[in-house]
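I have placed the structure first, in the form of structure tokens, so that the comments after it can refer back to it.
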Amino acid sequence: MFFNVEPKNKYIYVKGKGVAGKQIVFPTWVPGSYFIREQEKNVVMLRGASLVSKNKYFLVDDEFEYVYSAISKDQRETISTVDYIFINPVSVFPYQDLNEEYCISLKLPNNWVVHTTLKEIGKFTYCARNYDEFADSPIQASPKLNLIKVTEFHSISTVNNVNELEKLSKVINFLDSSLSIDNKDKQHYIFFFRRSDVNFGGIEHENSSAIVVPWNREDLLWLFAHEYVHKWNVKRLKPRELMRIDYERENYTELLWFAEGVTDYLAFLSLVLSKVIDTQQGLKSISNILSNLTYPGIKRMSLAESSKLTWIKLYKRDDNFLNIGVSYYDLGFVVGLLMDLKIRENSDNHYDIYSVFKALYLRFKETGYTYNDIRNVAEEYGVDFLDELVYKRDPPIFKHLSKYVEVEFVDRGKPYIGIRLEGNKITFVEDGSPADNAGLFPGDEIIAVNGVKGANIQEGQSLDLLIIREGVVKNFEVLPGTSPGHTVKIKSNGGVFEKVFGKGEGVSDKKLI
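Using the UniProt record's numbering, you'd call the opening residue of the sequence shown number 1 and step up by one each time.
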């Protein structure tokens, strides 16, 4: 298929050419972002085809055209302004035969610069061998666009400034040496980067990643590293269920804990071992992740369930998520940490979790891996606890971790009522807490505490709260109880943990009032 594209402010005008007498299909989700986005909702005024269903049209002739509403700042989607465009092709363009060639020609002023990993065949014209490659190849363009060199084979495409290039170079070189197996790593890799007024994080592609963060976010190294690890884990080595993408409906797998959570650990470990963060930063980061796993949700959802249900749970989480679910990013990170420590302990630090990943890659890059494949390879390195951590609700992660590091719940037994506040608004109420028993609710806005305006809650106080809920003023009395413990402190006590992460302690900065 061929697409002539003319970007305008807020819209992209598309003239397509396909095969008459066949359907064109617009994807309903973006691989790497596991929920149904219904991006076909942005298609306007399609001509030359008849509507079949929400995302399908029947081509009457071989040519068709449509307008695409392009106002999303999310790098998983598409934006078009007078001086900047970012196109994620899977969000804009339909397919017919997934295995045919797909090409795009952009109508842009001559002073514009275009960056993409698609093959250039002419001025502002690019092609992919098939739809999977096309869908996986973002396009960024602007007259102000720069390509900042990080290493010989890695660049950042951006209209903004980027700091810590030397540190990023160290991380990339470390990951290349730890994960690279074949010559594919000599291909050019692009980080598409943009500052915005929103925090969308990143999304992976095989030869690139796209990252959008707010202006005040400075801790970019972990995010860049996470997306870069995906070049191997998810793009080249995949869960078997994701080997062939179905672009129209949910693609279920129980293995996102490995695809995302272990990826996050591999990325974090690269920061530690390339020495771009210090011991204190590293231990605090681990403590914050552990803190997220102290809430009721971990008792109600297994890691495998979290992975498979992400389409309706994690990706659509609400203010009650910590009570009803667990993040496969956080729990998967901890499983990766425990695997790594066990492997290093068993091998006197000769092997590590990177060794497991490379073994999986060599054996299953062509077929994709299953849970049994992960478990069997991990068992070869002495890891014998995956079943209970992956399939059991309320897995004994702290029991396993305490073999390697001192763990303390700093606030356990201390007075608390069990809420999280943003300003005066309650954003979370822990199940079974004094606040829950009193009837407080997410979204309640506290207007007075014990007769005093504001939300100044002192630890251990009995509280007479005046709140607004749905425009109605209500009064609640809350008697403090004792915290089950959410502020996690870890301290190195020698052994393999200290060899990897250094000597020191870290305390989470996440807590409930």
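Beta carbons are placed, not taken as given, at the ideal position from N, Cα and C, and that holds for glycine.
As the structure is a computational prediction, the values presented were derived from the model and not from experiment.
Under 8 Å between C-beta atoms of residue i and residue j
| i | j | result |
| --- | --- | --- |
| ILE181 | HIS154 | no |
| residue 523 | LEU303 | The shown model of the chain, from 1 to 513, leaves out residue 523, and the question about it has no answer. |
| SER80 | PRO27 | no |
| VAL60 | ALA49 | yes |
| SER270 | ALA225 | yes |
| LYS503 | SER492 | yes |
| LYS238 | GLY382 | no |
| LYS73 | VAL198 | yes |
| SER157 | HIS115 | yes |
| VAL334 | LEU362 | no |
| ASP83 | PRO143 | yes |
| residue 519 | SER137 | The requested residue 519 is not part of the displayed model; the chain covers only 1 to 513. |
| LYS510 | HIS486 | yes |
| MET1 | LYS17 | yes |
| ARG236 | LYS119 | no |
| residue 556 | ILE190 | Nothing in the structure corresponds to residue 556, since the chain is present only between 1 and 513. |
| VAL30 | SER91 | yes |
| GLU406 | ILE286 | no |
| GLN39 | PHE192 | no |
Nonlocal neighbours in the same chain, by C-beta distance under 8 Å from residue i, ignoring five residues either side
| i | result |
| --- | --- |
| ILE121 | CYS103 and CYS127 |
| LYS284 | GLY506, VAL507, SER508 and ASP509 |
Same chain, Cβ closer than 6 Å to residue i, neighbours up to 5 away in sequence not counted
| i | result |
| --- | --- |
| TYR295 | LEU322 |
| ASP444 | ILE426, ILE467 and ARG469 |
| LEU389 | VAL335 and PRO395 |
| VAL229 | THR263, LEU266 and ALA267 |
| LYS313 | GLY325 |
| GLU227 | GLY202, GLU204 and SER209 |
Member of the options whose CA lies at the smallest distance from the CA of residue i
| i | options | result |
| --- | --- | --- |
| ILE324 | PHE3, ARG47 and ARG300 | ARG300 |
| GLN461 | VAL113, THR482 and ILE12 | THR482 |
| SER433 | ILE417, LYS499 and ASP176 | ILE417 |
| VAL25 | TRP112, THR487 and ALA135 | ALA135 |
| VAL377 | ALA359, LYS167 and ASP387 | ALA359 |
| LEU147 | SER137, ASN160 and PRO138 | ASN160 |
| VAL14 | ILE36, PHE501 and ALA70 | ALA70 |
| VAL507 | HIS350, ILE289 and LEU362 | ILE289 |
| LEU256 | ILE447, ASN163 and GLY336 | GLY336 |
| VAL276 | PHE501, PHE193 and LYS10 | PHE501 |
| ASP348 | GLY21, VAL496, LYS119 and VAL19 | VAL496 |
| ILE513 | LYS489, PRO484 and VAL30 | PRO484 |
| ILE353 | ILE139, GLU408 and ASN233 | ASN233 |
| PHE64 | GLU204, PHE93 and SER291 | PHE93 |
| TYR42 | GLU77, PRO31 and ILE245 | In the sequence as displayed, the identity of residue 42 is Asn instead of Tyr. Minimum Cα distance to ASN42 is reached at GLU77. |
| ILE87 | LYS54, ASN99, GLN140 and ARG129 | GLN140 |
| GLU164 | ILE203, VAL90 and LEU223 | LEU223 |
| LYS10 | ILE85, ASN99, LYS167 and GLU40 | ILE85 |
| LYS414 | GLN458, ASP431 and PHE398 | GLN458 |
| ASN216 | VAL478, ARG194 and TYR252 | ARG194 |
| LEU106 | ASN437, PRO89 and ASN99 | PRO89 |
| GLU166 | LYS123, VAL113 and LEU220 | LEU220 |
| SER53 | LEU168, PHE191 and GLU248 | GLU248 |
| ARG375 | PHE258, LEU421 and GLN280 | PHE258 |
| LEU479 | GLY471, LEU463, GLY494 and VAL488 | LEU463 |
| GLU133 | VAL162, ILE245 and LEU168 | ILE245 |
Closer than 7 Å: residue i CB and nearest the ligand ATP heavy atom
| i | result |
| --- | --- |
| ASP330 | Among the ligands in the structure shown, none appear at all, so the ligand ATP cannot be discussed. |
Same chain, Cβ closer than 7 Å to residue i, neighbours up to 5 away in sequence not counted
| i | result |
| --- | --- |
| GLU260 | TYR328, TYR329 and GLY332 |
| PRO442 | ASP319, ASN320, ILE426, THR427, PHE428 and VAL429 |
| LEU273 | PHE174 |
| ASN456 | VAL449 |
| ARG129 | GLU101 |
| LEU51 | TYR57 |
| THR253 | PRO239, GLU241, LEU242, SER307 and LYS308 |
| GLY439 | PHE476 |
| PHE124 | SER105, LEU106, LEU108 and VAL114 |
| LYS186 | PHE153 |
Would you call the segment 460-467 and the segment 393-404 touching, i.e. three or more CB-CB distances under 8 Å? Contact between the segment 460-467 and the segment 393-404 is absent, because fewer than three Cβ pairs lie under 8 Å.
Under 8 Å, with one C-beta from each stretch per pair, do the segment 205-224 and the segment 304-311 reach the 3-pair mark? Counting Cβ pairs under 8 Å, fewer than three are found: no touch.
Where are the beta strand (DSSP E) runs, 3 residues long or more, that stay fully inside the segment 344-370, in chain order? Here no run is fully enclosed.
Please specify which runs of the beta strand (DSSP E), each continuous and at least 3 residues long, are wholly inside the segment 53-78, giving them in chain order. Within the segment 53-78, the beta strand (DSSP E) runs of at least 3 residues that lie entirely inside it are, in chain order, 56-59 and 63-69.
What are the start and end residues of each continuous alpha helix (DSSP H) run of 4 or more residues lying completely inside the segment 241-323, in chain order? Scanning the segment 241-323 for uninterrupted alpha helix (DSSP H) segments of 4 residues or longer gives 263-273, 279-291 and 303-308, listed from N- to C-terminal end.
Unbroken beta strand (DSSP E) runs of length 3 or more, entirely within the segment 78-116: which are they? With a minimum length of 3 residues, the unbroken runs of beta strand (DSSP E) contained wholly in the segment 78-116 fall at 78-80, 85-87, 102-106 and 113-116.
Count the CB pairs spanning the segment 382-395 and the segment 339-353 that are closer than 8 Å, and state whether there are at least three. Yes, since at least three Cβ pairs between the segment 382-395 and the segment 339-353 fall closer than 8 Å, the two stretches touch.
Could you tell me which uninterrupted beta strand (DSSP E) segments, each at least 3 residues in length, are contained entirely in the segment 429-508, listed from first to last along the chain? Within the segment 429-508, the complete beta strand (DSSP E) segments at least 3 residues long are 445-449, 463-469, 472-478, 488-492 and 505-507, listed from N- to C-terminus.
Output the residue ranges of the beta strand (DSSP E) runs that lie fully inside the segment 114-167 and measure 3 residues or longer, sorted by chain position. With a minimum length of 3 residues, the continuous beta strand (DSSP E) runs that stay inside the segment 114-167 are 119-122, 125-128, 139-142, 146-151 and 154-158.
Every unbroken beta strand (DSSP E) inside the segment 190-228 [3 residues or more]: Those beta strand (DSSP E) runs which fall completely within the segment 190-228 and span 3+ residues are 201-204 and 208-214.
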